[in-house]
Amino acid sequence: MKRIKTFIVILGILLIYSNLFGQTEIEKKGLEAITEKGVLAQLEFLSSDWTEGRETASKGNDLAADYIAGMFKVYGLKPAGDFETIRTRRRSIFEFAPSRKKRTYFQNFQLIEYKPGDNICLKVHYKDGNIKRTVIFNYKTDFVINVSDYAEEYTAPVVFVGYGITDKEKNYDDFENIDVRGKLVLRISGYPGHLDTTSNAYKVFRPKDRMELYRLRRKKNESLMKSGAIGVLEINTTGDISRSWVTNKPYRWKTPFYEGDTPPPTGYERRMKLVTDKFIPEPAVVQISNRIANILLKGSGINIEKFEKNVAENLTPASRILVDKYVSIKTSVNSKVVSTQNVLGYIEGENPDEIIVIGGHYDHLGKHKGYIWNGSDDNASGTVAVMEIAKAFMATGVKPKKSVVFATWSGEEKGLLGSKYFVDHPFKPLNNIVMNINFDMISRDSENDKEGNKVSATYTCHAVQLKEFLETYNKVTGLDLSLRGSSKPSGGSDFAPFAAKNIPIIAFMAGFHPDYHQPTDEVNKANIKKMTKIIKLGFLNAWKVANLEGKLIWDKNAKETGPRRPF
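Next up, the structure:
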């Protein structure tokens, strides 16, 4: 009797475990296919010196693409890229040789690679008493500008907009009650309170880490885009920006990876944009010297030092038009067209017209002046996740209800170019895409991740089942999971183009670290155990959604949840 009771208890526990975790024998087969050895082996090759940092449209990028396509083929995925024409060999000169089309694993697209030309200048027009003056300033003496892929020339009035921040959550808006459409805005770098760590504004706006500071800068430029301004003139109040353009520094540069007499390589030398049919002008961002700023502010009643102190204390904007102040900008550009490719494979489901896209970018920053940006975490790790989940799906031996596209993107580091191209040229019509799952930087620990077990997942809160799926399946992996539910997730990774089209997303990230965008992002620093758990968590969520009847349940009234930042 005691043995029977024990058996019943054990059986009950097993049933509870099965119901709680929702695992079936099919799912277990998939999980067993994802191993630490397999993860490490693929990560080692993708982030090796052989792939030369995988910069978009480089030899190393093409090599990585071939490797990924080869792995997709090994796992048995069908190609989901472009068709190529294959001509049948003819037997004689008189015999007609028909051609046929074959789908490949590569979705090719073209980019404009560009850099500043030799003819760039900035003019300030202003009134000095009864005299109308024009002062001409030289590039990299008094200003630098983010030259686009086209040259342009224009003159526009100037408006002061403080820090150029719009943040409804913090009840602060530098663009409120000021019309900047068709104008250049004069903006201060940084954020309210950035010079006074004891101020109220600093407590409200202080970025918690380098990633959050990066997001703040991106949001400032997003506010600029939405405002209709044609460009921004930015003042650096922590020191005259001119020091950045000094050409004869007497001492050597020294960074954690570089020492030398010339400036260190950055990995950002090659700028690129998608080739498009439409001309879409973008606001120019111009870093200006103090003497340009002083000319523009003279007679305006604005004292930058007093303004910053007032905002730090009261969080009160003071935007205004700068009367009789105009700036002319003229640029030139050198450009050429290059080609790169997304790598796409798929599993056809029982319903081929419902698709999940599982993706991560495989490009990184390349090699420069003898240094290689291997990009082990960013984002060889996410690429491995896509390949491992593809292997896991095939290992189940079962066709999912929905089709699944496995996508590795190129051009992410140049501006999410590969994923943007895909949503404009999808494998099947965009409304067939049920969901996107994205992996970016999933192999490292942030500084406060002492246990080496933290992971964040951003998801579309209106797809109300996603939170439940993430929490339920995390009980299998035991990760310290931080969830952020957003109505329309945005950010600097490849889920953003999908979210912008109202496609539900889940985006995984393990943690931010000092080796971000440095040549020191190497495979020997990866937390393979955590990375493998994240991939398994991603597989279980992907498998669940891939086998749902119909699309995800959508609640337009669902509220955003979770912290504003991952950790």
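For the sequence shown, this note's numbering gives the first residue as 27, with consecutive numbering after it.
No residue lacks a Cβ here, since even glycine has one placed at the ideal position from N, Cα and C.
Treat the numbers as computed from the prediction; the structure is a model and nothing was measured.
Item to check | Pro183 - partner residues in DSSP beta bridges | outcome: Tyr352
Checklist entry - Excluding the five sequence neighbours on either side, which residues of its own chain have a C-beta within less than 6 angstroms of the C-beta of Pro426, listed in chain order? => result Gly375, Ala572 and Asn573
Checklist entry - Relative to the C-alpha of Met97, which residue among Ala418, Lys356, Pro290 and Leu496 is closest? => result Ala418
Checklist entry - With DSSP run on the structure shown, which of helix, strand or coil describes Asp541? => result coil
Next on the checklist: For Phe163, list the residues DSSP reports as bridge partners.
Outcome noted: Leu148
Item to check | Own chain, CB closer than 7 angstroms to Lys493, minus 5 neighbours either side, in chain order | outcome: Tyr485, Leu509 and Gly511
Checklist entry - Which residue comes first and which comes last in the alpha helix (DSSP H) that contains Ile318? => result Asn316 to Leu323
Next on the checklist: DSSP has Pro105 in a bridge; who is on the other side?
Outcome noted: Gly371
Item to check | Contacting residues, own chain, Cβ-Cβ under 8 angstroms from Tyr228 (five flanking each side not counted) | outcome: Pro218, Gly219, His220, Asp222 and Ala338
Next on the checklist: Judging by CA-CA distance, which residue of Leu242, Leu578, Glu139 and Asp471 is the nearest neighbour of Asp541?
Outcome noted: Asp471
Next on the checklist: Tell me the residue span of the beta strand (DSSP E) that contains Asp450.
Outcome noted: Taken as a continuous stretch (DSSP letters only), Asp450 belongs to no beta strand (DSSP E), being part of the alpha helix (DSSP H) at Leu443 to Asp450.
Checklist entry - In three-state DSSP terms, what is Glu195? => result coil
Next on the checklist: So if DSSP puts Lys585 in a beta bridge, which residue, or which two residues, is it bridged to?
Outcome noted: Answer is none; Lys585 lacks a bridge partner.
Next on the checklist: Spatial neighbours of Glu575 within its chain, please: C-beta separation below 8 angstroms, excluding the five flanking residues on both sides.
Outcome noted: Lys427
Item to check | Separation of Gly478 from Lys556, as counted between CA atoms | outcome: 7 angstroms
Item to check | Residue range of the unbroken alpha helix (DSSP H) whose run includes Tyr666 | outcome: Nothing can be reported for residue 666: it is not among the residues displayed for the chain, which extend from 27 to 593.
Item to check | Presumed contact (8 angstroms Cβ cut-off) between Gln136 and Met413, rounded CB distance | outcome: Actually they do not touch by this definition, with Cβ atoms about 26 angstroms apart.
Next on the checklist: Using the three-state DSSP reduction, which class does Asp404 fall into: helix, strand or coil?
Outcome noted: helix
Item to check | Three or more C-beta pairs below 8 angstroms linking the stretch 242-252 and the stretch 356-369 | outcome: no
Checklist entry - For Met298, which option in Ala83, Lys280 and Glu53 has the closest C-alpha, if you only look at C-alpha atoms? => result Ala83
Item to check | Coarse secondary structure for Asp235, derived from DSSP in three states | outcome: coil
Checklist entry - Is Met535 helix, strand or coil when you go by DSSP? => result strand
Checklist entry - To which residues of the same chain is Tyr101 closer than 6 angstroms at the C-beta, ignoring the five residues directly before and after it? => result Ala416, Lys417 and Met420
Checklist entry - When we look at the beta-carbon of Phe465 and count the other beta-carbons within 10 Å, is it buried (16 or more) or exposed? => result buried
Next on the checklist: For the beta strand (DSSP E) containing Gly511, name the first residue and the last one.
Outcome noted: Asp506 to Ser512
Item to check | Sequence-distant residues of the same chain with beta carbon closer than 8 angstroms to Ile554, five excluded per side | outcome: Glu62, Val65, Leu66, Leu69 and Ser469
Next on the checklist: Considering Cα atoms alone, identify which of Asn329, Ile328 and Glu260 is closest to Ile318.
Outcome noted: Glu260
Item to check | Cα-Cα separation, Phe71 to Val150 | outcome: 53 angstroms
Checklist entry - Which one of Thr288, Thr434 and Ala411 has the shortest CA to CA distance from Lys280? => result Thr288
Item to check | Own chain partners of Val449 with C-beta closer than 7 angstroms, once the 5 adjacent residues on each side are dropped | outcome: Leu456, Pro523, Phe524 and Lys527
Checklist entry - If you draw a straight line from the alpha carbon of Thr498 to that of Val430, how long is it in whole angstroms? => result 22 angstroms
Checklist entry - Does the distance from the C-beta atom of Leu370 to that of Ala433 stay below 7 angstroms? => result yes
Checklist entry - Once you ignore the five residues that flank Lys31 on each side, which residues in its own chain have a CB closer than 8 angstroms to its CB? => result Its pLDDT being 44, under 50, Lys31 is placed unreliably by the model, and nothing is read from it.
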